[in-house]
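Protein chains in written order, with my numbering: chain A, 1 to 500; chain B, 1 to 589. A virtual CB, placed ideally from N, CA and C, is assigned to each residue, including glycine. As the structure is a prediction and not an experimental result, all values here were calculated from the model.
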């Protein structure tokens, strides 16, 4: 037995926020906040977007501002105050997490970017702001001045003060990345989740190899853990996919594909339960390999025709293998389908050949992208020179013969950035760095958060220093930029070590 | 992440534990009430309100209620607030503990909305079968915001993720890099220069760009617009998500299995797939996925024809699949499920499914036709039964004497409707047996419908049936068919007491039959009844009986019969006179 695990951090964040006001007035119920809040977020988005597109006098702009003012009044009337807070990729309104779905995907993304860009993490008011108050605030958010978000935040405070807008209480994001304890805790949690996931994947594949039924409950728990971790701190798990230990390739690959799929699904607006479905299916996508002889899977040299035939049988062998999961009330049909289709192209070519399929399922398309990326960037016994992550993304996007869904690939690129997490890059400071996370500011996707791992002479440092490549100097020039990507082997660097 | 405190000093509770203890008691009562009553039931509503009222005041003392869960107890600040020494289905601590839950924490607001979802979970977990989701999965799915829990994985995988444990890793993390980064930058500069030098001049024919350093990422390759999904793309994703969940997964998986079976010639693979098909059919039927079963069976037929190198054993095995579906037990389960389903599958689906049934399914279908209360289902069952009966009359004939009256009745009815001559002996046997009345009546109708001489002969014994309605139906059938071979039996009826003791309707029918089939040979008998003065005092027969004889003579309608009628044309008795008059005018009755 292991030590107890907690419920999702996302849920906890909400609970902690609630506790601060636990003994206060009842106010709007959570359901009501969600309902009004959803409308409020859309109104906030519409007002921002209209202000960006039209002059202030435009009727649409005025209408949007009036709507926002009115809804803010409703929230205050119910709860006595309105607190709008950004936490990671989540939006909280009066301590209630707003649910992200495809209906509000655009508005969430737009608001997150505008607020982050201006260094705003919290917006609070306990009396109804006027249309003028909103105009001042939102005008700044759509066209911020200043170089870095922190500068912009100061300028915004000054702007509000200069214009006598005192209704808003704003604060910078409570950036958990600044808190080493929290970073450490999140990293530890991610490591544990990853470790358990790989061990479970190993159990599952080995069980199937031996003709036994794997423990489905345990597998579910693992996928739930991945979903929770991705929802709480996407970067920590994605970073761990760079470990790519080729001796455990089959197992880590399954977990990595599950992680990438869940993270991608989240970008695509899937709900928590849908993410679970997706992660569960992704974890099993290569289960058919458990029926391919180990000597073929682990063969160091080139495969002969017969060996390739065996490897290419793994999608349909996966369907047969999944019939062994009899512990379930139902057969895992979705997982069977993804296992069967994940090497099929959009035009249904690829393998296995199918006589009856008329289309590829959406989850198969997602898993195909995640699988393609992880496989191509991983060192394996028979792939000694993996491609750089950036090159793989570019190939997936630009080569139609890969047969991947362009919208899914696009979202995947948005997830990983131009320089995906784990990419070793050479900086113009002559230092080597490993990409740790995509920059949360959308316009800065080519300037990720990196971990600098060597000095200018090539002396490798561990654990390295985290730097934001979007940082500028006093003159507004970026302090450091990426020159090129590099092969970690060339420098004797184990990328995974910087995520452990 | 923290572990439960075991040795740490326990703080004093923020309020008397008795309040918490009482709240837990009420929570258990509410759980029971949830199990026993519908959500709108006042008893349940009252128990819910009571537990809410017990939770709410606690928030004045504390921001959360955290319980340590053991197999028999809940502890709060080290104090036992719930003790259930017996482990079992009724014990809340055990119910939570057994699935791995070790700490349960409630937060303000739990009593508002989430309490009801929690109450619903407990009975679900209590009655969950081993293969169903456990407490932890159900709690996870609920995504509670005011309930937190900690758990242990009961079957923890043990393999550690040790970065150095695996052989074949590449070098250590810290130390001197194999190469200084400056070299890479120099290469990048060279590459950039080469790029500039080698760039094809506009219009230069045949100019090809030089190979580029693949490690240099050109930002223009990743147009920033790439990172934002446009409205069309968002709409596409919405549709794709909808499509994913609208997809008929079972049918698609069946398609993939059929593909595998058809394209993979390895006998072992085919044997395994055949086993999967068998398991799948059972699961699909259990899940009420009738159209998918129909699709599978239909496609399988074609697949077996096309599949290369198919072993006879596999062909036989799969060929038996539709038979299995048609077996009485499997079929009755399926039909029962259909009967009880709140929403029937589409007509097409059911038609497809029933089209796959084999003749052995006929008994089950006939039984279902008899029992069904479902007006939508009935015509489909009828159509299917008709198809099977027509294609396999021997099965139908066999079912005429089935031990199940419902089956036999439907088979008899269908045999008649189809004019199945081969069913006559069986129908005759039904009449001759001590079969229940409804079966005998159905057999009479069926034999009448078949109407062949053999069928009518088989009907004759029914003239002596103990049931008046059956006799009457038989008499009328024989009359309509003018079945002369029955004359001897009818003569016996006329001569015997049957024609006298029968009620007026039956008696009249017997005389009509007699007149119809006897011809002139019957005139003497009827004339005697109508006109003769018999007995010691020369008293005539009863007027009603004589009137029946007049009707019989009218049916014969020959000179002799008319002469006999004329003799009573001046009859004083109105009843007789009227009957005679009608008979002479050609009216039967």
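- Note that the C-beta distance between residue 294 of chain B and residue 333 of chain B is not below 9 angstroms.
- Residue burial annotation: residue 528 of chain B is exposed, with fewer than 16 other C-beta atoms found within 10 angstroms of its C-beta.
- For residue 327 of chain B, the CB contacts under 7 angstroms within the same chain, skipping 5 residues up- and downstream, are 360 in chain order.
- If you draw a 10 Å sphere on the C-beta of residue 354 of chain A, you find 16 or more other C-beta atoms in it, and that means buried.
- The criterion of a C-beta distance shorter than 9 angstroms is not satisfied by residue 139 of chain A and residue 86 of chain A.
- Residues of the stretch 77-98 of chain B with a C-beta atom less than 8 angstroms from some C-beta of chain A do not occur.
- In the displayed model, residue 569 of chain B falls within coil according to three-state DSSP, outside both helix and strand.
- At a C-beta separation below 8 angstroms, residue 44 of chain B has no neighbours in chain A, since its nearest C-beta there lies roughly 21 angstroms away.
- Taking the C-beta atoms as reference points, residue 226 of chain A is found nearer than 9 angstroms to residue 259 of chain A.
- DSSP places residue 75 of chain B in the strand class (E or B) of the three-state scheme.
- For residue 484 of chain A, the number of other beta carbons within 10 angstroms of its own is at least 16, and it is reported as buried.
- DSSP, read as helix, strand or coil, puts residue 418 of chain A in coil.
- Look at residue 425 of chain B here: in three-state DSSP terms it is helix.
- Here the C-alpha atom of residue 566 of chain B lies approximately 23 angstroms from the C-alpha atom of residue 504 of chain B.
- Boundaries of the beta strand (DSSP E) around residue 85 of chain A: 82-87.
- Rounded to whole angstroms, the gap between the alpha carbons of residue 50 of chain B and residue 115 of chain B is 12 angstroms.
- Going by DSSP, residue 150 of chain A is part of the alpha helix (DSSP H) stretching over 149-162.
- Among the residues facing chain A, residue 274 of chain B is not included, as its CB has no counterpart in that chain under 9 angstroms away.
- Residue pairing of residue 496 of chain A in beta bridges, as defined by DSSP: absent, with no partner found.
- Those residues of the stretch 245-263 of chain B placed with their C-beta closer than 7 angstroms to a C-beta in chain A are 247, 249, 250, 252, 253, 255, 256, 257, 258, 259, 260, 262 and 263, ordered along the chain.
- Fewer than three pairs of CB atoms, one per stretch, sit closer than 8 angstroms, so the stretch 293-302 of chain A makes no contact with the stretch 184-197 of chain A.
- Closer than 9 angstroms to the CB of residue 129 of chain A there is not a single CB belonging to chain B.
- The beta carbon of residue 137 of chain B falls within 9 angstroms of a beta carbon belonging to chain A, placing the residue at that interface.
- Contact between residue 517 of chain B and residue 553 of chain B fails: their C-beta atoms lie close to 14 angstroms from each other, not under 8 angstroms.
- Across the structure, residue 434 of chain A and residue 341 of chain B are spaced so that their CA atoms are roughly 59 angstroms apart.
- Per DSSP, residue 148 of chain B is not a residue of any alpha helix (DSSP H); the beta strand (DSSP E) it occupies stretches across 147-151.
- Residue 403 of chain A has no beta-bridge partner at all, per DSSP.
- When Cβ-Cβ separations below 9 angstroms define contact, residue 236 of chain A makes no contact with chain B.
- Taking 9 angstroms as the cut-off, the Cβ atoms of residue 366 of chain A and residue 341 of chain A do not count as close.
- Beta-bridge partners assigned by DSSP to residue 67 of chain B: B:104.
- Rounded to whole angstroms, residue 471 of chain B and residue 329 of chain B show a C-alpha spacing of 38 angstroms.
- Neighbours of residue 249 of chain A in chain B, taken as residues whose beta carbon is under 9 angstroms from its own, are absent, since the nearest beta carbon is some 10 angstroms off.
- The beta carbon of residue 271 of chain B sits no closer than 9 angstroms to any beta carbon of chain A.
- The continuous stretches of beta strand (DSSP E) do not include residue 367 of chain A, which lies in the alpha helix (DSSP H) extending over residues 362-376.
- For residue 220 of chain A, the chain B residues whose C-beta falls within less than 7 angstroms of its own C-beta are 137, listed in chain order.
- Contact annotation: residue 71 of chain B and residue 98 of chain B have beta-carbon atoms nearer than 9 angstroms.
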